[in-house]
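Have a look at the structure below before the remarks.
2 protein chains.
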Amino acid sequence: MPVCTLCHKHDAIYMRRYSGERLCEKCFKDSIEDKVRTTISRYKMFEPNDKIAVAVSGGKDSLSLLHILNDIEKNFPQVLICAVTVDEGIKGYRDEALEFAKRSCQKLGIEHKIVSFKELYKMTLDELADIIRRKEKELSPCSYCGVLRRRALNTAARQVEASKLATAHNLDDETQTILLNIIHGDALRIARVKPVLKGGHPKLIQRVKPFCEVPEKEIALYAYLKNTKFQSIPCPYARTALRNDVRTMLNTMEERHAGAKFAVFRSIERIRPALEASAQKERLQDCKLCGEPTSSKICKLCQMLQKLHII
Amino acid sequence: MPVCTLCHKHDAIYMRRYSGERLCEKCFKDSIEDKVRTTISRYKMFEPNDKIAVAVSGGKDSLSLLHILNDIEKNFPQVLICAVTVDEGIKGYRDEALEFAKRSCQKLGIEHKIVSFKELYKMTLDELADIIRRKEKELSPCSYCGVLRRRALNTAARQVEASKLATAHNLDDETQTILLNIIHGDALRIARVKPVLKGGHPKLIQRVKPFCEVPEKEIALYAYLKNTKFQSIPCPYARTALRNDVRTMLNTMEERHAGAKFAVFRSIERIRPALEASAQKERLQDCKLCGEPTSSKICKLCQMLQKLHII
Chain A
1243 MPVCTLCHKH
1253 DAIYMRRYSG
1263 ERLCEKCFKD
1273 SIEDKVRTTI
1283 SRYKMFEPND
1293 KIAVAVSGGK
1303 DSLSLLHILN
1313 DIEKNFPQVL
1323 ICAVTVDEGI
1333 KGYRDEALEF
1343 AKRSCQKLGI
1353 EHKIVSFKEL
1363 YKMTLDELAD
1373 IIRRKEKELS
1383 PCSYCGVLRR
1393 RALNTAARQV
1403 EASKLATAHN
1413 LDDETQTILL
1423 NIIHGDALRI
1433 ARVKPVLKGG
1443 HPKLIQRVKP
1453 FCEVPEKEIA
1463 LYAYLKNTKF
1473 QSIPCPYART
1483 ALRNDVRTML
1493 NTMEERHAGA
1503 KFAVFRSIER
1513 IRPALEASAQ
1523 KERLQDCKLC
1533 GEPTSSKICK
1543 LCQMLQKLHI
1553 I
Chain B
1243 MPVCTLCHKH
1253 DAIYMRRYSG
1263 ERLCEKCFKD
1273 SIEDKVRTTI
1283 SRYKMFEPND
1293 KIAVAVSGGK
1303 DSLSLLHILN
1313 DIEKNFPQVL
1323 ICAVTVDEGI
1333 KGYRDEALEF
1343 AKRSCQKLGI
1353 EHKIVSFKEL
1363 YKMTLDELAD
1373 IIRRKEKELS
1383 PCSYCGVLRR
1393 RALNTAARQV
1403 EASKLATAHN
1413 LDDETQTILL
1423 NIIHGDALRI
1433 ARVKPVLKGG
1443 HPKLIQRVKP
1453 FCEVPEKEIA
1463 LYAYLKNTKF
1473 QSIPCPYART
1483 ALRNDVRTML
1493 NTMEERHAGA
1503 KFAVFRSIER
1513 IRPALEASAQ
1523 KERLQDCKLC
1533 GEPTSSKICK
1543 LCQMLQKLHI
1553 I
């Protein structure tokens, strides 16, 4: 077994092809934590008096993020960390993940706020999916869930009076979304795929993505090595076919040309200023129906619920 | 056999998935010619007094373009069409293609200008490839050939006093180049992948791509139906592995999500104005060594030849 190219002491357990490094367990774990620290500082994600709400689903990415941020912020006593979880109401799936999230928070002694679709929108995703199947063939439950979950996370973060909302989107998520936007003919939206999403409205908590430069595969290995217990079965509402294809394609690309995902990410970093300069500044207003911030009169969420005749 | 969805008369021979049309032979051929007409007029590619040099390699794309442009321009008697061909000097490959190009031009009664690497740069691509193999491991012969061929085409177009240079780049070529630029981390370059490339210097002939909205597969079928004789063996200097991967990926994407290539193309159309506005205007000057237009003191081509100690 070859030796670690960083410490030259222990056996390597991971070959990081895009950098040429072979890493032992300790150096690998350190490298992930260092990477997150670098990302946080490069994009100025946090300030000394922040209360950070970590969006914790109970999967490998969000639980790893919770642990890492909790460790990092130990050196910053004024910073507070808490966790927010959304219970969409998916039978046989979310319950288990919720348990993992709860147990991690208890172990770390972290405040944990759970909000549910049922309490916020009067129905679970399972109930909503039934209506969608009957009334609306165009959009999948995932399209609805994305909008409802984003809103729920913001609501929860507001309820715990957080100043930042950290989500565990990783390098794979981000590059997939970039290519999806291009393939959807929606390239102007790629300006919005970015490590820090400013609020722009008092009700909108600033979102940050400390994992945006870490490949999904490395987070999975990190969670495994840290012995983190997490939900591993996938959501029963399958992801869209197109995202799956883009994922496969990017993985093939990365396998053949190590570093391809980083290159895509950096590419977009370089053109984002031009896209943002040309984009019309969205003036946010209060939705006429629910009062939440929106760029049009009725917010996307209320429009969706209207379409299903729920409101 | 289902009937053509356009004329409702003849048997369909082609299912165009991205539009849902099933087309008979005549309607298919008409549709390609119409598409080229639309592209020419959408991007204002030609003017009434143009002399158009068509870059003809002898392959299916360039010969089809030559035939279509020749037909279209019959209705514009002031417009002149001619062909320019570059003989790179590739043994057992270019000779056959040259014959196809020559024969087509003779048949159509079109002026045909052939320039060779040997005459312009004192050596054939085969000779150059030998030097590259010995001295320069980083770049492939294709990288050199691309630069040399572009220059040669411009020189040939100038020699025949053309006002436009039409190349047969198709929808596949263009979307591949777009994604390649993103994967190379070179996204700002995608602003330069466009249907009309303005000269910006008296020595630089304006380049236009009338096939930029036609999928490669449809040009192949068109050439076959028109009974065009063309070079079909691929160049012995293989294309880069990355472009081949991107091609495969885009084809898979198109198969699963008909219209994906068009979506990528349109996406870039939408962000190009922003990218162009932010890009610094390149001031072209004369290369200190060869006198050709360049954005730096020494042009790319002379830099390459210097690297190989040829000049």
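Going down the list, the protein sequences come from chains A and B.
Start counting the first sequence at 1243; every next residue gets the next number (this note's numbering).
Start counting the second sequence at 1243; every next residue gets the next number (this note's numbering).
All C-beta atoms in this analysis are idealised placements derived from N, C-alpha and C, irrespective of residue type, glycine included.
Keep in mind it's a predicted model, so treat the numbers as computed, not measured.
Can you find a C-beta in chain A that's less than 8 Å from the C-beta of residue i?
i: B/Asp-1415; result: no
i: B/Val-1506; result: yes
i: B/Leu-1381; result: no
i: B/Ala-1483; result: yes
i: B/Ser-1385; result: no
i: B/Ala-1500; result: no
i: B/Ala-1519; result: yes
i: B/Pro-1515; result: yes
i: B/Ile-1510; result: yes
i: B/Leu-1439; result: no
i: B/Leu-1446; result: no
i: B/Leu-1265; result: no
i: B/Met-1365; result: no
i: B/Leu-1463; result: no
i: B/Met-1491; result: yes
i: B/Met-1546; result: no
i: B/Leu-1232; result: Here chain B has residues from 1243 to 1553 only, and residue 1232 of chain B is not among them.
i: B/Met-1243; result: no
Who are the Cβ neighbours of residue i in its own chain at under 7 Å, not counting the five residues just before and after it?
i: B/Cys-1544; result: Cys-1529, Leu-1531, Cys-1532 and Ile-1553
i: B/Glu-1263; result: Thr-1247 and Leu-1248
i: B/Glu-1378; result: Lys-1549 and Leu-1550
i: B/Lys-1451; result: Thr-1409, His-1411 and Pro-1437
i: B/Gly-1501; result: Tyr-1260
i: A/Met-1257; result: Arg-1264
i: A/Glu-1460; result: Ile-1274
i: B/Ala-1371; result: Pro-1383 and Tyr-1479
i: A/Tyr-1386; result: Leu-1370, Ile-1374 and Met-1546
Which residues does DSSP pair with residue i in a beta bridge?
i: B/Pro-1535; result: B/Asp-1528
i: B/Asp-1329; result: B/Ser-1358
i: B/Arg-1449; result: B/Leu-1407 and B/Leu-1439
i: A/Asp-1253; result: A/Val-1245
For residue i, which residues of its own chain have a beta-carbon under 8 Å away from its beta-carbon, when the five flanking residues on both sides are left out?
i: B/Val-1506; result: Thr-1417, Ile-1420, Leu-1421 and Leu-1492
i: A/Gln-1448; result: Ser-1405, Lys-1406, Leu-1407, Val-1438, Leu-1439, Lys-1440 and Gly-1441
i: B/Lys-1539; result: Gln-1527, Cys-1529 and Lys-1530
i: B/Arg-1279; result: Ile-1314
Short of 6 Å in beta carbon distance, which residues of its chain neighbour residue i, apart from the five on each side in sequence? Order them along the chain.
i: A/Arg-1391; result: Val-1328
i: A/Glu-1347; result: It is Cys, not Glu, that sits at residue 1347 of chain A in the sequence shown. Excluding positions up to five away in sequence, the list reads Ala-1325 and His-1354.
i: A/Leu-1350; result: Asn-1312
i: B/Ala-1394; result: Val-1328, Val-1357 and Leu-1362
i: B/Ile-1510; result: Ile-1420 and Ile-1432
i: B/Phe-1342; result: Gly-1300, Lys-1471, Phe-1472 and Gln-1473
i: B/Leu-1446; result: Pro-1535
Could you confirm whether any beta carbon from chain B is found closer than 8 Å to the beta carbon of residue i?
i: A/Gly-1427; result: yes
i: A/Arg-1259; result: no
i: A/Leu-1422; result: no
i: A/Asp-1303; result: no
i: A/Asp-1487; result: yes
i: A/Met-1287; result: no
Under the assumption that residue i contacts residue j (Cβ atoms under 8 Å), give the Cβ distance between them as a whole number of angstroms.
i: B/Ala-1519; j: A/Ser-1520; result: 6 Å
i: B/Tyr-1479; j: B/Cys-1384; result: 6 Å
i: A/Ala-1462; j: A/Lys-1271; result: Actually they do not touch by this definition, with Cβ atoms about 13 Å apart.
i: A/Glu-1403; j: A/Lys-1293; result: 6 Å
i: B/Arg-1498; j: A/Asp-1487; result: 6 Å
i: B/Pro-1457; j: B/Asp-1414; result: 6 Å
i: A/Leu-1430; j: B/Ile-1424; result: The Cβ separation is near 15 Å, so there is no contact.
Q) Quick one: complete beta strand (DSSP E) runs, 3+ long, within the segment 1477 to 1507 of chain A? A) Counting whole runs of 3 or more residues, the segment 1477 to 1507 of chain A contains no beta strand (DSSP E) stretch at all.
Q. Fully enclosed by the segment 1338 to 1364 of chain A, which beta strand (DSSP E) runs are 3 residues long or longer?
A. Runs of the beta strand (DSSP E) lying entirely within the segment 1338 to 1364 of chain A, each at least 3 residues long, are 1353 to 1358 in chain order.
(Q) What ranges does the alpha helix (DSSP H) occupy inside the segment 1386 to 1447 of chain A, keeping only unbroken runs of at least 4 residues that lie completely in it? (A) The segment 1386 to 1447 of chain A contains these whole alpha helix (DSSP H) runs: 1413 to 1425.
**Q.** alpha helix (DSSP H) segments (min. 4 residues) lying fully within the segment 1255 to 1323 of chain B
**A.** Within the segment 1255 to 1323 of chain B, the complete alpha helix (DSSP H) runs of at least 4 residues are 1267 to 1284 and 1302 to 1315.
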